[in-house]
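Engineer: Okay, handing you the structure first.
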Amino acid sequence: MKKINGYEFIQLFEEFAPKEYALEGDPIGLQVGTLNKPIHNVMIALDVLEDVVQEAIEKNVDLIIAHHPLIYRPLKNINTDNTSGKMIEMLIKHDITVYAAHTNLDVATGGVNDMLAKALGLKNTSVLVPTYHETLKKLAVYVPKEKESDILSALGDAGAGAIGAYSHCSFSTEGTGRFLPGENTNPYIGEKGILETVNEVKIETVFPANKEKKIVSAMLKAHPYEEPAYDIFELTQKGKVLGLGKIGELENTMKLREFAVFVKEVLDSPGVRVVGQLNDKVKKVAILGGDGNKYYSSAKFSGADVYVTGDMYYHTAHDAMNIGLNIVDPGHNVEKIMKKGTVKVLKELIEKRHFTVNIFPSEVDTNPFTFLE
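Anchor point for the sequence shown: position 152 equals 151 in numbering that gives the first Met the number 0, and the numbering is continuous, going up by one each time.
Have a look at this one:
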(Lines of atoms letter the chains of each structure in order from A and count residues from 1; the text may use other names and numbers.)
(Lines give C-alpha, C1' and ligand atoms only; values in the text may rest on other atoms or scores of the structure.)
Protein backbone atom coordinates (compact mmCIF):
# COMPACT_ATOMS: atom_id res chain seq x y z
CA MET A 1 0.00 0.00 0.00
CA LYS A 2 1.19 3.52 -0.84
CA LYS A 3 0.94 6.75 1.12
CA ILE A 4 -0.98 9.61 -0.48
CA ASN A 5 -0.59 13.39 -0.45
CA GLY A 6 -3.27 16.05 -0.74
CA TYR A 7 -2.85 16.64 -4.46
CA GLU A 8 -3.12 12.93 -5.22
CA PHE A 9 -6.20 12.54 -3.04
CA ILE A 10 -8.03 15.45 -4.64
CA GLN A 11 -7.07 14.20 -8.09
CA LEU A 12 -8.82 10.93 -7.24
CA PHE A 13 -11.81 12.77 -5.78
CA GLU A 14 -12.16 14.89 -8.91
CA GLU A 15 -12.33 11.76 -11.04
CA PHE A 16 -15.61 11.19 -9.19
CA ALA A 17 -16.80 14.81 -9.04
CA PRO A 18 -14.87 16.96 -11.55
CA LYS A 19 -14.80 20.70 -10.95
CA GLU A 20 -16.26 21.42 -14.38
CA TYR A 21 -19.54 19.80 -13.28
CA ALA A 22 -20.17 22.68 -10.85
CA LEU A 23 -22.62 25.44 -11.69
CA GLU A 24 -21.11 28.78 -12.67
CA GLY A 25 -20.02 30.84 -9.68
CA ASP A 26 -20.17 27.97 -7.20
CA PRO A 27 -17.26 28.41 -4.73
CA ILE A 28 -15.83 24.90 -4.86
CA GLY A 29 -12.33 23.53 -4.42
CA LEU A 30 -9.60 24.29 -1.91
CA GLN A 31 -10.84 26.81 0.67
CA VAL A 32 -8.49 26.61 3.65
CA GLY A 33 -5.00 25.18 4.05
CA THR A 34 -2.69 23.29 1.73
CA LEU A 35 -2.72 20.10 -0.31
CA ASN A 36 1.06 19.92 -0.25
CA LYS A 37 1.24 17.46 2.65
CA PRO A 38 0.73 13.77 3.45
CA ILE A 39 -2.89 12.78 4.05
CA HIS A 40 -3.68 10.18 6.71
CA ASN A 41 -7.22 11.02 7.88
CA VAL A 42 -10.02 12.42 5.70
CA MET A 43 -13.41 13.41 7.08
CA ILE A 44 -16.49 13.89 4.89
CA ALA A 45 -18.91 16.53 6.21
CA LEU A 46 -22.11 18.19 5.05
CA ASP A 47 -21.23 21.52 6.69
CA VAL A 48 -18.16 23.06 8.32
CA LEU A 49 -19.36 24.35 11.69
CA GLU A 50 -17.63 24.84 15.05
CA ASP A 51 -18.57 21.36 16.27
CA VAL A 52 -17.33 19.83 13.02
CA VAL A 53 -13.98 21.61 13.31
CA GLN A 54 -13.65 20.44 16.91
CA GLU A 55 -14.45 16.89 15.80
CA ALA A 56 -11.76 17.15 13.11
CA ILE A 57 -9.20 18.34 15.68
CA GLU A 58 -10.04 15.48 18.06
CA LYS A 59 -9.78 12.91 15.27
CA ASN A 60 -6.48 14.25 13.87
CA VAL A 61 -8.07 15.01 10.51
CA ASP A 62 -5.78 16.27 7.74
CA LEU A 63 -8.49 17.03 5.19
CA ILE A 64 -12.20 17.86 5.40
CA ILE A 65 -14.23 17.42 2.24
CA ALA A 66 -17.41 19.41 2.79
CA HIS A 67 -20.50 19.54 0.61
CA HIS A 68 -21.46 23.06 1.65
CA PRO A 69 -18.60 25.53 1.22
CA LEU A 70 -17.21 27.17 4.34
CA ILE A 71 -16.55 30.34 2.32
CA TYR A 72 -19.41 31.29 -0.02
CA ARG A 73 -18.33 34.87 -0.72
CA PRO A 74 -14.93 36.61 -0.79
CA LEU A 75 -13.81 37.52 2.73
CA LYS A 76 -13.19 41.17 3.59
CA ASN A 77 -11.31 40.14 6.71
CA ILE A 78 -10.68 37.19 9.03
CA ASN A 79 -11.75 38.41 12.45
CA THR A 80 -10.92 35.72 14.98
CA ASP A 81 -13.33 37.29 17.48
CA ASN A 82 -16.30 35.98 15.49
CA THR A 83 -17.34 32.40 14.76
CA SER A 84 -16.27 32.13 11.13
CA GLY A 85 -12.91 33.77 11.76
CA LYS A 86 -12.29 31.59 14.80
CA MET A 87 -13.03 28.45 12.75
CA ILE A 88 -10.55 29.46 10.06
CA GLU A 89 -7.96 30.21 12.74
CA MET A 90 -8.45 26.78 14.34
CA LEU A 91 -8.28 25.00 10.98
CA ILE A 92 -5.01 26.68 10.08
CA LYS A 93 -3.56 26.25 13.57
CA HIS A 94 -4.22 22.50 13.43
CA ASP A 95 -3.18 22.16 9.77
CA ILE A 96 -6.62 20.98 8.66
CA THR A 97 -7.34 21.55 4.98
CA VAL A 98 -10.89 22.25 3.81
CA TYR A 99 -12.02 21.37 0.29
CA ALA A 100 -15.58 22.10 -0.88
CA ALA A 101 -17.50 19.95 -3.39
CA HIS A 102 -20.94 21.47 -3.84
CA THR A 103 -22.89 21.36 -7.11
CA ASN A 104 -20.21 19.23 -8.77
CA LEU A 105 -21.01 16.56 -6.17
CA ASP A 106 -24.74 17.09 -6.76
CA VAL A 107 -24.31 16.58 -10.50
CA ALA A 108 -21.74 13.76 -10.50
CA THR A 109 -22.74 10.26 -11.52
CA GLY A 110 -23.19 8.48 -8.20
CA GLY A 111 -23.32 11.87 -6.44
CA VAL A 112 -25.83 13.36 -4.01
CA ASN A 113 -28.91 13.12 -6.20
CA ASP A 114 -28.11 9.59 -7.30
CA MET A 115 -27.64 8.67 -3.63
CA LEU A 116 -31.06 10.11 -2.78
CA ALA A 117 -32.75 8.42 -5.74
CA LYS A 118 -31.18 5.09 -4.82
CA ALA A 119 -32.31 5.46 -1.19
CA LEU A 120 -35.90 5.95 -2.39
CA GLY A 121 -35.61 2.95 -4.69
CA LEU A 122 -36.32 4.92 -7.87
CA LYS A 123 -36.11 2.99 -11.14
CA ASN A 124 -35.38 4.15 -14.70
CA THR A 125 -33.86 7.42 -13.50
CA SER A 126 -32.79 10.31 -15.69
CA VAL A 127 -31.57 13.87 -15.13
CA LEU A 128 -34.21 16.36 -13.97
CA VAL A 129 -32.41 19.64 -14.83
CA PRO A 130 -29.59 19.24 -17.40
CA THR A 131 -26.63 21.48 -16.60
CA TYR A 132 -23.64 19.77 -18.23
CA HIS A 133 -23.21 18.17 -21.65
CA GLU A 134 -20.06 16.09 -21.83
CA THR A 135 -17.65 16.98 -24.64
CA LEU A 136 -16.19 13.95 -26.40
CA LYS A 137 -12.84 13.57 -28.12
CA LYS A 138 -11.30 10.80 -30.20
CA LEU A 139 -7.77 9.50 -29.89
CA ALA A 140 -6.03 7.81 -32.83
CA VAL A 141 -2.68 6.25 -31.94
CA TYR A 142 -0.29 4.14 -34.03
CA VAL A 143 1.44 1.18 -32.35
CA PRO A 144 3.42 -1.89 -33.42
CA LYS A 145 1.11 -4.88 -33.75
CA GLU A 146 2.70 -6.82 -30.89
CA LYS A 147 1.96 -3.99 -28.43
CA GLU A 148 -1.69 -3.49 -29.41
CA SER A 149 -3.15 -5.31 -26.39
CA ASP A 150 -0.95 -3.37 -23.95
CA ILE A 151 -2.12 -0.03 -25.33
CA LEU A 152 -5.77 -1.14 -25.42
CA SER A 153 -5.63 -2.17 -21.76
CA ALA A 154 -3.93 1.05 -20.70
CA LEU A 155 -6.46 3.22 -22.55
CA GLY A 156 -9.49 1.32 -21.31
CA ASP A 157 -8.29 1.26 -17.72
CA ALA A 158 -7.74 5.03 -17.87
CA GLY A 159 -11.35 5.60 -18.93
CA ALA A 160 -11.17 5.70 -22.72
CA GLY A 161 -13.75 3.85 -24.77
CA ALA A 162 -16.67 4.24 -22.36
CA ILE A 163 -19.91 4.24 -24.37
CA GLY A 164 -23.10 3.91 -22.35
CA ALA A 165 -22.86 0.78 -20.22
CA TYR A 166 -19.86 -0.48 -22.22
CA SER A 167 -16.18 0.13 -21.49
CA HIS A 168 -12.87 -0.43 -23.35
CA CYS A 169 -14.54 0.24 -26.74
CA SER A 170 -12.13 0.80 -29.65
CA PHE A 171 -11.52 0.11 -33.32
CA SER A 172 -8.25 -1.04 -34.91
CA THR A 173 -6.99 -0.99 -38.49
CA GLU A 174 -3.70 -2.46 -39.68
CA GLY A 175 -1.24 -0.63 -41.88
CA THR A 176 2.39 0.23 -42.44
CA GLY A 177 4.36 2.76 -40.43
CA ARG A 178 7.62 4.33 -41.58
CA PHE A 179 10.25 6.34 -39.75
CA LEU A 180 13.94 7.15 -39.94
CA PRO A 181 15.66 7.29 -36.51
CA GLY A 182 17.96 10.30 -36.12
CA GLU A 183 21.42 10.46 -34.56
CA ASN A 184 20.18 11.27 -31.05
CA THR A 185 17.50 8.58 -30.89
CA ASN A 186 17.19 5.26 -29.14
CA PRO A 187 14.59 3.46 -31.30
CA TYR A 188 12.48 0.59 -29.99
CA ILE A 189 12.53 -0.85 -33.52
CA GLY A 190 15.15 -0.25 -36.23
CA GLU A 191 18.56 1.41 -36.38
CA LYS A 192 19.78 4.99 -36.53
CA GLY A 193 20.00 6.40 -40.03
CA ILE A 194 18.06 3.56 -41.67
CA LEU A 195 14.47 4.01 -42.88
CA GLU A 196 12.36 1.50 -40.99
CA THR A 197 9.07 -0.07 -42.12
CA VAL A 198 6.85 -1.56 -39.40
CA ASN A 199 3.55 -3.44 -39.33
CA GLU A 200 1.46 -1.15 -37.14
CA VAL A 201 -2.07 -0.85 -35.86
CA LYS A 202 -4.09 2.36 -35.69
CA ILE A 203 -6.21 2.31 -32.53
CA GLU A 204 -9.17 4.68 -32.34
CA THR A 205 -11.17 5.30 -29.18
CA VAL A 206 -13.40 8.01 -27.73
CA PHE A 207 -13.10 9.64 -24.32
CA PRO A 208 -14.55 12.51 -22.26
CA ALA A 209 -12.56 15.70 -22.77
CA ASN A 210 -12.01 16.09 -19.03
CA LYS A 211 -10.02 12.84 -19.00
CA GLU A 212 -7.63 13.80 -21.81
CA LYS A 213 -4.57 14.36 -19.62
CA LYS A 214 -5.03 11.07 -17.77
CA ILE A 215 -5.67 9.04 -20.94
CA VAL A 216 -2.79 10.52 -22.94
CA SER A 217 -0.49 9.95 -19.97
CA ALA A 218 -1.55 6.29 -19.74
CA MET A 219 -1.05 5.83 -23.48
CA LEU A 220 2.42 7.38 -23.48
CA LYS A 221 3.47 5.29 -20.49
CA ALA A 222 2.42 2.05 -22.21
CA HIS A 223 3.70 2.96 -25.69
CA PRO A 224 7.10 1.48 -26.62
CA TYR A 225 8.16 4.31 -28.97
CA GLU A 226 10.22 7.31 -27.91
CA GLU A 227 8.01 9.56 -30.05
CA PRO A 228 4.55 7.98 -30.40
CA ALA A 229 2.43 9.24 -33.29
CA TYR A 230 -1.10 10.11 -32.23
CA ASP A 231 -3.92 12.52 -33.07
CA ILE A 232 -6.74 13.93 -30.94
CA PHE A 233 -9.98 15.21 -32.46
CA GLU A 234 -12.89 17.01 -30.80
CA LEU A 235 -16.18 15.41 -31.81
CA THR A 236 -19.39 17.24 -32.67
CA GLN A 237 -21.56 14.67 -30.93
CA LYS A 238 -21.85 15.04 -27.17
CA GLY A 239 -21.47 12.45 -24.43
CA LYS A 240 -23.64 11.90 -21.40
CA VAL A 241 -25.91 14.60 -20.03
CA LEU A 242 -25.55 15.43 -16.34
CA GLY A 243 -27.43 17.82 -14.13
CA LEU A 244 -29.31 18.59 -10.95
CA GLY A 245 -31.92 16.21 -9.58
CA LYS A 246 -33.33 12.93 -10.78
CA ILE A 247 -36.66 11.75 -12.15
CA GLY A 248 -37.65 8.12 -11.75
CA GLU A 249 -40.38 5.69 -10.77
CA LEU A 250 -41.26 3.87 -7.57
CA GLU A 251 -41.54 0.10 -7.64
CA ASN A 252 -45.16 0.39 -6.47
CA THR A 253 -47.71 3.19 -6.52
CA MET A 254 -48.31 4.86 -3.14
CA LYS A 255 -50.68 7.46 -1.79
CA LEU A 256 -49.04 10.82 -1.11
CA ARG A 257 -49.47 10.44 2.66
CA GLU A 258 -47.81 7.00 2.60
CA PHE A 259 -45.02 8.26 0.36
CA ALA A 260 -44.30 11.24 2.63
CA VAL A 261 -43.91 8.92 5.63
CA PHE A 262 -41.67 6.68 3.51
CA VAL A 263 -39.45 9.65 2.60
CA LYS A 264 -39.23 10.73 6.24
CA GLU A 265 -38.12 7.27 7.35
CA VAL A 266 -35.78 6.40 4.49
CA LEU A 267 -34.00 9.76 4.47
CA ASP A 268 -33.91 9.91 8.27
CA SER A 269 -35.64 13.28 8.45
CA PRO A 270 -37.16 14.51 11.74
CA GLY A 271 -40.19 15.74 9.82
CA VAL A 272 -41.59 16.46 6.36
CA ARG A 273 -43.82 19.18 4.93
CA VAL A 274 -46.35 18.11 2.32
CA VAL A 275 -48.11 20.12 -0.37
CA GLY A 276 -51.04 18.45 -2.15
CA GLN A 277 -53.91 16.05 -1.59
CA LEU A 278 -52.77 13.29 0.75
CA ASN A 279 -54.79 10.65 -1.09
CA ASP A 280 -53.25 11.45 -4.49
CA LYS A 281 -51.47 8.49 -6.11
CA VAL A 282 -47.71 8.72 -6.50
CA LYS A 283 -45.63 6.70 -8.95
CA LYS A 284 -43.30 9.06 -10.81
CA VAL A 285 -40.96 10.97 -8.50
CA ALA A 286 -38.66 13.95 -9.04
CA ILE A 287 -36.00 14.54 -6.41
CA LEU A 288 -33.46 17.31 -5.98
CA GLY A 289 -31.23 17.54 -2.92
CA GLY A 290 -30.92 20.86 -1.12
CA ASP A 291 -32.93 23.93 -2.11
CA GLY A 292 -34.92 23.04 -5.22
CA ASN A 293 -37.42 25.89 -5.25
CA LYS A 294 -36.64 27.26 -8.68
CA TYR A 295 -36.85 23.86 -10.35
CA TYR A 296 -40.41 22.89 -9.40
CA SER A 297 -41.64 23.62 -12.93
CA SER A 298 -39.05 21.17 -14.32
CA ALA A 299 -40.50 18.52 -12.02
CA LYS A 300 -44.00 19.24 -13.33
CA PHE A 301 -42.97 19.26 -17.00
CA SER A 302 -41.14 15.96 -16.51
CA GLY A 303 -44.44 14.36 -15.55
CA ALA A 304 -43.66 13.85 -11.87
CA ASP A 305 -46.51 13.04 -9.50
CA VAL A 306 -44.48 14.47 -6.61
CA TYR A 307 -41.37 16.59 -6.17
CA VAL A 308 -39.06 15.83 -3.24
CA THR A 309 -36.81 18.75 -2.30
CA GLY A 310 -35.83 20.98 0.60
CA ASP A 311 -36.35 24.55 1.78
CA MET A 312 -39.66 25.00 -0.06
CA TYR A 313 -40.85 28.61 0.19
CA TYR A 314 -44.42 29.55 1.12
CA HIS A 315 -45.19 31.26 -2.19
CA THR A 316 -43.42 28.60 -4.25
CA ALA A 317 -45.62 26.02 -2.54
CA HIS A 318 -48.66 28.00 -3.71
CA ASP A 319 -47.25 28.08 -7.24
CA ALA A 320 -46.77 24.30 -7.15
CA MET A 321 -50.35 23.83 -5.95
CA ASN A 322 -51.61 25.99 -8.81
CA ILE A 323 -50.04 23.69 -11.41
CA GLY A 324 -51.11 20.51 -9.63
CA LEU A 325 -47.69 19.43 -8.38
CA ASN A 326 -47.43 17.59 -5.07
CA ILE A 327 -44.44 18.42 -2.87
CA VAL A 328 -42.69 16.51 -0.11
CA ASP A 329 -40.11 18.64 1.71
CA PRO A 330 -37.89 16.60 4.06
CA GLY A 331 -35.52 19.53 4.58
CA HIS A 332 -32.10 20.50 3.27
CA ASN A 333 -30.35 18.32 5.80
CA VAL A 334 -31.25 15.06 4.02
CA GLU A 335 -28.18 15.79 1.91
CA LYS A 336 -26.30 14.28 4.87
CA ILE A 337 -26.67 11.05 2.89
CA MET A 338 -23.58 12.27 1.02
CA LYS A 339 -21.35 11.64 4.02
CA LYS A 340 -21.52 7.86 4.05
CA GLY A 341 -22.12 7.71 0.29
CA THR A 342 -18.98 9.70 -0.53
CA VAL A 343 -16.92 7.66 1.93
CA LYS A 344 -17.99 4.50 0.11
CA VAL A 345 -17.06 5.87 -3.33
CA LEU A 346 -13.69 7.20 -2.18
CA LYS A 347 -12.74 3.99 -0.40
CA GLU A 348 -13.35 2.08 -3.62
CA LEU A 349 -11.17 4.52 -5.61
CA ILE A 350 -8.41 4.40 -3.00
CA GLU A 351 -8.37 0.61 -2.86
CA LYS A 352 -8.08 0.34 -6.65
CA ARG A 353 -4.95 2.54 -6.57
CA HIS A 354 -3.51 0.76 -3.51
CA PHE A 355 -3.23 3.91 -1.41
CA THR A 356 -3.52 3.84 2.35
CA VAL A 357 -5.67 6.54 3.98
CA ASN A 358 -8.42 6.57 6.60
CA ILE A 359 -11.72 8.01 5.29
CA PHE A 360 -14.77 8.44 7.51
CA PRO A 361 -17.97 10.52 7.82
CA SER A 362 -18.44 13.32 10.33
CA GLU A 363 -20.67 12.23 13.19
CA VAL A 364 -21.90 15.76 13.95
CA ASP A 365 -25.56 16.49 13.15
CA THR A 366 -25.52 19.96 11.56
CA ASN A 367 -29.30 20.30 11.14
CA PRO A 368 -30.16 23.67 12.78
CA PHE A 369 -33.85 22.79 13.16
CA THR A 370 -35.58 21.01 16.03
CA PHE A 371 -38.94 19.42 15.24
CA LEU A 372 -41.49 19.30 18.07
CA GLU A 373 -44.03 16.48 18.28
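Beta carbons: idealized from backbone N, C-alpha and C, even for Gly.
Could you please give me the residues that DSSP links to His132 through a beta bridge?
Structural biologist: Counting from one through the sequence shown, the residue named residue 132 turns up at place 133. BP columns for His132 point to Val240.
Engineer: By the three-class DSSP mapping on this structure, what secondary structure does Phe8 have?
Structural biologist: Taking the first residue of the sequence shown as position 1, residue 8 is located at position 9. Note: Phe8 maps to helix in three-state DSSP.
Engineer: In angstroms with no decimal places, state the Cα-to-Cα distance between Gly275 and Ala298.
Structural biologist: Here residue 275 refers to the residue found at position 276 of the sequence shown. Here residue 298 refers to the residue found at position 299 of the sequence shown. Rounded to whole angstroms, Gly275 to Ala298 spans 14 Å at the Cα level.
Engineer: Smallest Cα separation from Lys346: which of Ile27, Asn40, Thr33?
Structural biologist: Residue 346 sits at position 347 when you count from the first residue of the sequence shown. Of the listed residues, the one whose Cα sits closest to Lys346 is Asn40.
Engineer: Since Tyr20 contacts Tyr131 with CB under 8 Å, what's their CB separation in whole angstroms?
Structural biologist: If you number the sequence shown from 1, residue 20 lands on position 21. If you number the sequence shown from 1, residue 131 lands on position 132. Confirmed, Cβ separation roughly 5 Å.
Engineer: Mind checking who Asp290 pairs with in its DSSP beta bridge?
Structural biologist: Stepping through the sequence shown from its first residue, residue 290 is reached at position 291. Its beta-bridge partners are Gly309.
Engineer: On the premise that Ile70 lies in contact with Gln30, defined as a C-beta separation below 8 Å, what is that separation, rounded to the nearest angstrom?
Structural biologist: Position 31 of the sequence shown, counted from the first residue, corresponds to residue 30. Position 71 of the sequence shown, counted from the first residue, corresponds to residue 70. Indeed, because the Cβ distance is near 5 Å, the residues count as touching under 8 Å.
Engineer: Using beta-carbon positions only, say whether Leu48 and Thr341 come within less than 8 Å of one another.
Structural biologist: One-based indexing of the sequence shown puts residue 48 at position 49. One-based indexing of the sequence shown puts residue 341 at position 342. It is not a contact, given that the beta carbons lie outside the stated cut-off.
Engineer: For a test of the three-state rule: what should DSSP assign to Asp328, helix, strand or coil?
Structural biologist: Along the sequence shown, one-based indexing puts residue 328 at 329. DSSP places Asp328 in strand when its eight states are reduced to three.
Engineer: I need the DSSP call for Val60, collapsed to helix, strand or coil.
Structural biologist: Here residue 60 corresponds to residue number 61 of the sequence shown, with the count starting at 1. Of the three classes helix, strand and coil, the one that applies to Val60 here is coil, per DSSP.
Engineer: Figure out for me which residue from Asp267, Gly270, Val260 has the closest Cα to the Cα of Asn278.
Structural biologist: Within the sequence shown, numbered from 1, the residue matching residue 278 stands at position 279. For Asn278, the nearest C-alpha among the options comes from Val260.
Engineer: Thinking C-alpha only, which one of Leu135, Val344, Glu264 is nearest Ala118?
Structural biologist: As a working note, residue 118 is residue 119 in the sequence shown. Checked all of Leu135, Val344, Glu264; the closest Cα to Ala118 is Glu264.
Engineer: Rounded to whole angstroms, what's the CA-CA distance from Ser152 to Lys210? Just pull it up for me.
Structural biologist: Locating residue 152 in the sequence shown gives position 153, counting from the first residue. Locating residue 210 in the sequence shown gives position 211, counting from the first residue. Taking the straight line from one Cα to the other gives about 16 Å.
Engineer: Lys191 by DSSP, collapsed to three states: which one?
Structural biologist: In the sequence shown, the residue the question calls residue 191 occupies position 192. Reduced to three states, the DSSP call for Lys191 is coil.
Engineer: With a threshold of 8 Å on Cβ separation, who are the neighbours of Gly160 within its own chain once the five nearest residues in sequence on each side are excluded?
Structural biologist: Here residue 160 refers to the residue found at position 161 when the sequence shown is read from its first residue. For Gly160, where only same-chain residues beyond five positions count, the Cβ hits under 8 Å are Leu154, Ser166, His167, Cys168, Ser169, Thr204, Val205, Phe206.
Engineer: With distance defined between alpha-carbon atoms, name the residue in His331, Val271, Gly323 nearest to Gly289.
Structural biologist: For the purposes of this step, residue 289 is taken as residue 290 along the sequence shown, with counting starting at 1. Of the listed residues, the one whose Cα sits closest to Gly289 is His331.
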